[in-house]
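Trainee:
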Amino acid sequence: MLPTPISFQRQRGLSFNQRPRSFAKFLRGPARLTNLSALVLLTLLAVSLFVNFRHHYQSPIQNVALRSIIETLPSRPSSSVLNHLVIVPGHAIWIGARADDAEDEDSWLLAPYQRGRGRPSIFRAHISLGSQIATEDSRALLVFSGGFTSPFSATSEAESYLRFARATGLLPSADMFPRVTTEDAALDSFQNVLFSIARFRELTGAYPTTITVVGHDFKRRRFEQLHRHALRWPKARFMYEGVPLRSEADEREAAAGELANAFTPYSTDLYGCHAPLVRKRAERNFHARTHGYHVGAPEMHELLEWCPRDGKAIFPGPLPWENEYN
């Protein structure tokens with residue numbers, strides 16, 4: 003006759019009225035040490051997976067996950083000699099093709115408030131001055147900045163400005179003057195500066211040491227006092243070249259609109275990430291486009307996503323140009 007199994011012998015003496023041992027005692031029992039070890043290992047594994055998951059999604063975007071983007075980028079030329087960023091923000095889209103169309107309002111996609119005020123000639127002056135500054139400085143990169151802001155065109159403000167500059171002879175041909183590019187994602191003035199810095203880094207592999215912005219004279223304070231401050235850019239290395247409007251009456255009217263619709267909102271929302279400024283960006287993004295500067299300028303990843311709750315807190319993290327700030 004076979005001996006009774008040990009497990010059966012233990013169970014014979016078990017009363018149905020006997021309380022089951024607690025889970026902790028069960029695990030600590032001599033025969034259950036392997037269970038306790040397994041539980042500890044599973045706990046450690048769960049904690050490890052959580053930490054790694056959190057680290058992956060809170061860290062700057064990993065290059066491994068961006069292979070499909072990075073592998074399409076050409077090798078950067080040796081552009082370390084470039085250190086001056088010249089920005090010409092766009093204000094409309096030129097849909098003309100010839101120099102004769104340059105100042106014809108029908109060759110521009112204009113907002114109602116821009117019509118009948120000679121704005122095409124002002125835009126030409128911006129493009130001309132920016133081109134002049136860049137061509138006279140061999141270390142300058144000219145960036146026309148402005149996104150796809152019209153539902154009636156599949157081109158960007160920036161691309162149209164560059165095309166305008168070539169068609170009118172304000173810039174030499176591409177083979178004669180290659181130090182010019184477009185920044186096609188900006189949807190407002192803050193992004194004109196922020197994204198142009200990122201575009202400079204994307205194209206040259208480095209950051210500029212000096213910035214010159216060419217634009218409306220009535221917007222000077224917005225760029226010098228608010229945008230520069232929000233980016234912690236050195237005051238001594240930031241220049242704004244303002245072009246006045248055609249008349250003092252236009253200038254006064256534009257200055258009043260600037261104060262109410264731009265300077266005051268940006269004063270309480272430096273990064274333009276709260277209403278009404280962020281809503282304006284969405285309203286201008288007719289083609290639902292996004293930028294790629296997390297890849298092109300990885301050092302700016304945290305700055306690109308910075309949005310303080312109070313709207314005024316300056317980005318506290320490291321910046322490539324922070325040692326120059328004063």
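Residue numbers (my numbering): 3 to 328. Yeah, the Cβ is synthetic: ideal placement off N, Cα and C, and Gly gets one too. All of these numbers come straight from a predicted model, not from anything done at the bench.
#1: Can you tell me where the alpha helix (DSSP H) holding ILE1 begins and where it ends?
#2: Is the beta carbon of GLY274 less than 8 Å from the beta carbon of ASP190?
#3: Exposed or buried, THR292, counting other C-beta atoms within 10 Å across all chains shown (16 or more means buried)?
#4: PRO91 lies in the beta strand (DSSP E); which residues open and close that run?
#5: What did DSSP end up calling SER147 once you bin it into helix, strand or coil?
#6: Closest to PHE125 by CA distance: which of ALA299, PRO91, SER77 and GLY313 is it?
#7: Between the alpha carbons of LEU29 and GLU307, how many angstroms are there, rounded?
#8: Of the residues HIS276, ALA277 and ALA94, which one's Cα is nearest the Cα of TYR163?
#9: Cutting at 8 Å between CB atoms, please list the residues of its own chain near PHE109, excluding the five before and the five after it.
#10: Evaluate ASP186 with the Cβ neighbour count: other Cβ atoms within 10 Å of its Cβ, from every protein chain shown; 16 or more gives buried, anything less gives exposed.
#11: Check the C-beta distance from PHE179 over to THR211 and give it rounded, since I have them as a contact under 8 Å.
#12: Cα separation between MET302 and PHE166?
#13: With a floor of 4 residues, list each alpha helix (DSSP H) that falls wholly inside the region 228 to 309, ordered by position along the chain.
#14: Indicate the three-state DSSP secondary structure (helix, strand or coil) for LEU189 in the structure shown.
#15: Exposed or buried, what is THR270 when buried is set at 16 or more other beta-carbons lying within 10 Å of its beta-carbon?
#16: State buried or exposed for SER140, treating a residue as buried only when at least 16 other CB atoms are found within 10 Å of its CB.
#17: At a Cβ threshold of 8 Å, is SER109 touching chain D?
#18: Taking 8 Å as the limit between beta carbons, can you name the residues of its chain near ALA232, skipping five residues before and five after?
#19: Three-state secondary structure (DSSP) at THR157?
#20: Can you list, in chain order, the residues of its chain whose CB lies under 7 Å from that of ARG239, leaving out five sequence neighbours each side?
#21: What does the alpha-carbon distance come out to for the pair HIS289 and THR45?
#22: Is LEU144 near ARG234, with beta carbons less than 8 Å apart?
#23: Please name the residue in GLN134, GLU324, MET241 and ALA142 whose C-alpha comes closest to that of VAL83.
#24: On the DSSP letters alone, give me the boundaries of the alpha helix (DSSP H) that ILE71 sits inside.
#25: On the three-state DSSP scale, how would you describe LEU172?
#26: Taking only three categories from DSSP, how would you classify VAL195?
#27: What does the alpha-carbon distance come out to for the pair TRP323 and ARG201?
#28: Between the Cα of ASN263 and those of LEU205, ILE72, ARG168 and PHE220, spot the shortest distance and give me the residue it belongs to.
#29: Ordered along the chain, which non-local residues of its own chain (more than five positions away) have a Cβ less than 7 Å from that of ARG100?
#30: Roughly how many whole angstroms lie between the Cα atoms of LEU111 and GLY298?
#31: Let me make sure I understand the geometry here. Which of GLN134, SER147, GLY149 and PHE197 has the alpha-carbon closest to that of PRO174?
#32: For the beta strand (DSSP E) that contains GLY319, what are its first and last residues?
#33: Is SER147 closer than 8 Å to SER198 when the C-beta atoms are compared?
Mentor: Per the coordinate set shown:
#1: No statement about residue 1 is possible, as the shown extent of the chain runs from 3 to 328 and does not include it.
#2: yes
#3: exposed
#4: 86 to 91
#5: strand
#6: PRO91
#7: In this predicted model, LEU29 has a pLDDT of only 48, less than 50, meaning its place in the structure is not dependable enough to derive any value.
#8: ALA94
#9: One point to set straight first is that residue 109 is Ser, not Phe, in the sequence displayed. Excluding sequence neighbours, SER109 sits near TRP96, ILE97, GLY98, ASP103 and PRO122.
#10: buried
#11: Actually they do not touch by this definition, with Cβ atoms about 21 Å apart.
#12: 31 Å
#13: 250 to 260, 266 to 270, 279 to 286, 295 to 298 and 303 to 306
#14: coil
#15: exposed
#16: exposed
#17: Chain labels in this structure do not include chain D; a single protein chain is all it has.
#18: PHE192, LEU272, TYR273, ILE316 and PHE317
#19: coil
#20: THR211, THR212, ILE213 and GLU326
#21: 47 Å
#22: no
#23: ALA142
#24: 69 to 72
#25: coil
#26: helix
#27: 15 Å
#28: PHE220
#29: ALA169
#30: 30 Å
#31: GLN134
#32: Segment: none, GLY319 is in no beta strand (DSSP E) and carries neither H nor E.
#33: yes
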